[in-house]
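Visitor: Pasting a structure below so you can have a look.
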Amino acid sequence: MPLPVEIRLYDRLFSVPNPGAADDFLSVINPESLVIKQGFAEPSLKDAVAGKAFQFEREGYFCLDSRHSTAEKPVFNRTVGLRDTWAKVGE
163 MPLPVEIRLY DRLFSVPNPG AADDFLSVIN PESLVIKQGF AEPSLKDAVA
213 GKAFQFEREG YFCLDSRHST AEKPVFNRTV GLRDTWAKVG E
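Residue numbering for the sequence shown follows the numbering used here, beginning at 163 and increasing consecutively.
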């Protein structure tokens with residue numbers, strides 16, 4: 163039976179390289195800096211431990227968030243994304 167999981171995808175906090183140059187740094191916060199998705203994983207991930215990396219197919223590498231996970235619903239944070247080689251093919 164699939165395991166329900168929460169997946170957190172982090173991106174850059176600011177939408178510009180130098181947020182200090184903006185009049186109001188709050189205006190340049192990236193609204194997509196954290197995207198939370200719900201999904202399902204293999205039941206074996208119920209035994210995941212913090213600090214161990216797992217590759218989620220076609221998405222990247224993720225680690226268990228020991229602070230926000232529960233026994234019923236583990237939370238995984240993306241640590242490294244995978245390169246999109248198809249984007250380069252289209253160029």
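For glycine and all other residues, C-beta sits at the position ideal for the given N, C-alpha and C. Keep in mind that this is a model prediction, so the values were computed, not measured.
By Cβ distance below 8 Å, which residues in the same chain neighbour G222 in space, the five residues on each side in sequence not counted?
Guide: Indexing the sequence shown from 1 puts residue 222 at position 60. Closer than 8 Å at the Cβ level, and outside the excluded window around G222, lie R240, T241, V242, G243, L244.
Visitor: What residue range is occupied by the uninterrupted beta strand (DSSP E) comprising I191?
Guide: Sequence index remark: in the sequence shown, residue 191 carries index 29 (1-based). Segment: none, I191 is in no beta strand (DSSP E) and carries neither H nor E.
Visitor: Buried or exposed: where does P236 fall if 16 or more other Cβ atoms within 10 Å of its Cβ makes it buried?
Guide: Locating residue 236 in the sequence shown gives position 74, counting from the first residue. It counts as buried.
Visitor: Tell me the DSSP secondary structure of P166 in three-state form.
Guide: Here residue 166 corresponds to residue number 4 of the sequence shown, with the count starting at 1. Reduced to three states, the DSSP call for P166 is strand.
Visitor: Could you spell out where the beta strand (DSSP E) holding A215 opens and where it closes?
Guide: Position 53 of the sequence shown, counted from the first residue, corresponds to residue 215. Segment 215-218, the beta strand (DSSP E) holding A215.
Visitor: Along the chain, where does the beta strand (DSSP E) containing F238 start, and where does it finish?
Guide: By 1-based counting over the sequence shown, the position of residue 238 is 76. Note, F238: beta strand (DSSP E), 237-243.
Visitor: Using 10 angstroms around the beta-carbon of L226, count the other beta-carbons present and answer buried if the total reaches 16, otherwise exposed.
Guide: Indexing the sequence shown from 1 puts residue 226 at position 64. Looking at its Cβ environment, which holds 16 or more other Cβ atoms inside 10 Å, L226 is buried.
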